[in-house]
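Quick note, the sequences are listed as chains A and B, same order.
According to the working numbering, the first sequence is numbered sequentially starting from 279.
According to the working numbering, the second sequence is numbered sequentially starting from 5.
By construction, the Cβ of each residue, glycine as well, lies at the ideal position given by its N, Cα and C atoms.
The structure appears below as structure tokens.
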Amino acid sequence: MTTATIDKAAPTRKVKYGSMSRDRAWALRWSYFFLVIFAIFFLTPPIYMFITSLKSSAEISAATNPWWVFHPTLENYAGLLTSNQFLRFFWNSAIVSIFVVTITMLISVPAAFALSRMRFWGSATLATGVFLTYLIPETLLFIPLFKMFAVIGDWTGIQLINKWYVLLILYPTLTVPFCTWIMIGYFASIPKELDEAAVIDGASWLQTLTRIFIPVAFPGIIAATIFAFTVSWAQFLYPLVFTTSTDQLVMPVGIITSLIKGDVFNWGQIMTGALLGAAPPLIIYAFLMDYYIAGLTAGATKG
Amino acid sequence: MADVTLRKVVKRYDEVEAVRGIDLDIADHEFVVLVGPSGCGKSTTLRMIAGLEDISDGDIMIGGDVVNDVPPKDRDIAMVFQNYALYPHMTVAENMSFGLRLKRYPKAEIKSRVDEAARMLDIVELVDRKPKQLSGGQRQRVAMGRAIVRNPKVFLFDEPLSNLDAKLRVQMRIEIKKVHQKVRTTTVYVTHDQVEAMTLADRVVVMNHGRIEQIGTPNELYHKPATKFVASFIGSPAMNFVPCRLEDLAGKLHVRLTDRIAFPLPPARAARYQGIPRADKLLLGLRPEHITEAKPHPEPGVEAFQTVLDVTEPMGMETLIYFTLEGAQVCGRVNPNAGAQDGAPLRLAVDLNNMHLLNEVTGVVL
């Protein structure tokens, strides 16, 4: 009886020797197949943007092949890079992003250290709470926030709406929770004995953070920095809602408001502006990619 | 340098008592090893001395001062961790000097202390390397160096050799002993390895279930264990325990193991055990080295009997033999030339001058 059951359960397929490498080869083929589809899918828009950015307005509106440039021109680039308005948007974006990254790291690194290492009442709940705040979309928040700033303006006379620095308060609500979460995960991968050794060596909490944790968790800090930069560079809704004067606009909103006039779309300059706007994050990613991946995975696997 | 005193120290985690009222006096310069199975509270005790764990009750004194609420950095202690806990971004020299730099010692002093410790530990050529370029043994030396340069009142070691392979462990054990002979700092050392405990300690503290079972020199613990736990924990292969009871035969006190086997006790032992009720369930404790092959002219107190061996383990300088007595597996050590073979009969002798008699219920050595 028992033997009969075993016979039924035995594999019907014959064992093929060397099938490991064959399986692997197929796995690789499939991965390449999907990677190519993936790459085409995600590279098509930037390529289209690049092609369009090299066309004159006349060529864009002409019914020619949209995937080919017949009369390449740099007039869109020249037009934007000599426009004080565009440079102003770029400058505003840069200032806002640099400030936001700094503010974010100054808050989230110590916060993550406290939440992951200083055991205090409710620290675990608080850590989860920090992450939950990240799950609330800004589309839900912008109206109440607008109302809050309006009320604050009425009561205190401090006018924040339509000032670029209002973004320094708004963006961290998006970046701080996620960066804190990344850093909690990264700090959790640092063995407990390391801070105990530091404590016994005579280090205060602050010294443990600055002289042990920050250097050891540097890849994680880079990852969090890149994330914060990307979010604040690409953020669209908050600047659209909270800033309106052209000298206060950041690039994503600036391009839309200044290059779309009524129903006239200056497509060539819009594409050029978007490409130029994508350059800084691209450059940062290219240089710090390895750190970014190391930072995210360390948090993911051990946190 | 200082003495360390624990008075009724208790550690409670919610409902669980990890350490249940420990009293311990560690003299200046002494090397004390806390040993016991995992979960016995030895590491918790060490961490309470270090100040890494709060104590729930009792007092801890270092150099006569109660340090219950003193933070670790002000206790003037140094600790060596099982996983070394070296700062990965610092060189060996920076690792060793971190504590001194925090305390803003003059540069020249730091350098001389680091150099001296590096020389003592034979890591002079490694001082500019990062921890990840070092082997396990070298990392452990650096961790010790970090403790030595601080010149603290007390060294605390938390299973420092557990991550090393067997050969290196023996070597580092000797290294630790040498360092202690040189610096003479009061040392508390935690391990689960009874060999480490025996070889390193001036005094060994055997812990079990959050309590101290016995404190004594390695020899005292080995030859005069107080409880069955200590008797079985210290020594390898472990002490044998065979169910037995006392019996008066022909006017002499005997210990009866089986219907067939009863040994007369040597006079000193007979006098000591005379008062024990004959009906009590007892255990005869015998170390393997006291069960050997029978000799033609036995010394007084050595009694012979015949048995059939289950298994033999030739070790080279001796052969370990295993046989069964009253359902208990018994281990003995015989001369390799005694002719011990698996499944074969052999005439053995037990040295009752070195026997232990235990109460089977309480586990107390009588």
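When the beta-carbon positions are compared, A:Cys457 and A:Met567 stay at least 9 Å from each other. For B:Lys107, the C-beta contacts it makes with chain A under 7 Å involve Gly480, in order along the chain. What A:Pro517 touches in chain B, judged by beta-carbon distance under 9 Å, is nothing: the nearest beta carbon there is about 39 Å away. The Cβ atoms of B:Ala97 and B:Asp132 lie closer than 9 Å to each other. With a minimum length of 3 residues, the unbroken runs of beta strand (DSSP E) contained wholly in the region 11–94 of chain B fall at 20–30, 35–39, 61–66, 81–84. A distance below 6 Å between beta-carbons, with the five flanking residues on each side excluded, links B:Glu322 to the following residues of its chain, in chain order: Arg337. Between A:Phe496 and chain B, the shortest Cβ-Cβ separation is below 9 Å. By the rule that beta-carbons nearer than 9 Å mark a contact, B:Ile30 does not touch chain A.
Contact annotation for B:His93 against chain A: Pro493, Val494 [CB-CB distance below 7 Å, chain order].
A:Leu553 is a Cβ neighbour of A:Ser331, given a cutoff of 9 Å. The continuous alpha helix (DSSP H) containing B:Arg273 extends over residues 271–277. In summary, the residues of the region 459–479 of chain A whose CB is separated from some CB of chain B by less than 8 Å are Pro469, Glu471, Leu472, Glu474, Ala475, Ala476, Val477, Ile478, Asp479, in the order they occur in the chain.
DSSP places B:Gly336 inside the beta strand (DSSP E), whose first and last residues are 332–338. Under the 9 Å criterion on CB atoms, A:Arg395 is classed as non-interfacial with respect to chain B. The region 14–23 of chain B and the region 35–42 of chain B do not touch, with fewer than three beta-carbon pairs separated by less than 8 Å. Under the Cβ criterion of 9 Å, A:Ile500 is not counted among the residues facing chain B.
Contacts with chain A at 9 Å (Cβ-Cβ) do not include B:Phe237.
Interface flag for A:Gln485 against chain B is set, since a Cβ pair is found closer than 9 Å.
About 6 Å separates the beta carbon of B:Ile280 from that of B:Leu250, a gap short enough to meet the 8 Å contact definition. A direct Cα-Cα distance of roughly 53 Å separates B:Leu290 from A:Trp399. Cβ proximity to chain A below 8 Å picks out nothing from the region 280–291 of chain B. For A:Val347, the three-state secondary structure derived from DSSP is coil. Taking a C-beta distance under 9 Å as the contact criterion, B:Arg79 and B:Lys12 do not qualify as a contact pair. Across the structure, B:Val369 and B:Asp29 are spaced so that their CA atoms are roughly 24 Å apart. Taking 9 Å as the cut-off, the Cβ atoms of B:Thr316 and B:Gln345 count as close. When secondary structure is reduced to three states using DSSP, B:Lys256 falls in the strand class.
At a cut-off of 9 Å between beta carbons, B:Gly55 contacts chain A. Counting C-beta atoms within 10 angstroms of its own C-beta, B:Arg260 has 16 or more neighbours from the protein chains shown and is therefore classed as buried.
Interface annotation, B:Ile81: in contact with chain A, CB-CB separation under 9 Å. Judged by DSSP secondary structure, A:Leu359 falls within the alpha helix (DSSP H) whose first and last residues are 353–359. If the five residues before and after B:Gly141 are omitted, its C-beta is found closer than 8 Å to the C-beta atoms of Leu168, Leu172, Gln175, Met176, all from its own chain and listed in chain order.
Here B:Met52 is buried: its Cβ has 16 or more other Cβ atoms, across all protein chains shown, within 10 Å. Counted as a single uninterrupted DSSP element, the alpha helix (DSSP H) harbouring A:Leu419 occupies residues 416–434. Around B:Pro110, no beta-carbon contact reaches into chain A at under 9 Å, the shortest distance being about 16 Å. Look at B:Lys111 here: in three-state DSSP terms it is helix. Neighbours of B:Phe159 in chain A, taken as residues whose beta carbon is under 7 Å from its own, are absent, since the nearest beta carbon is some 11 Å off.
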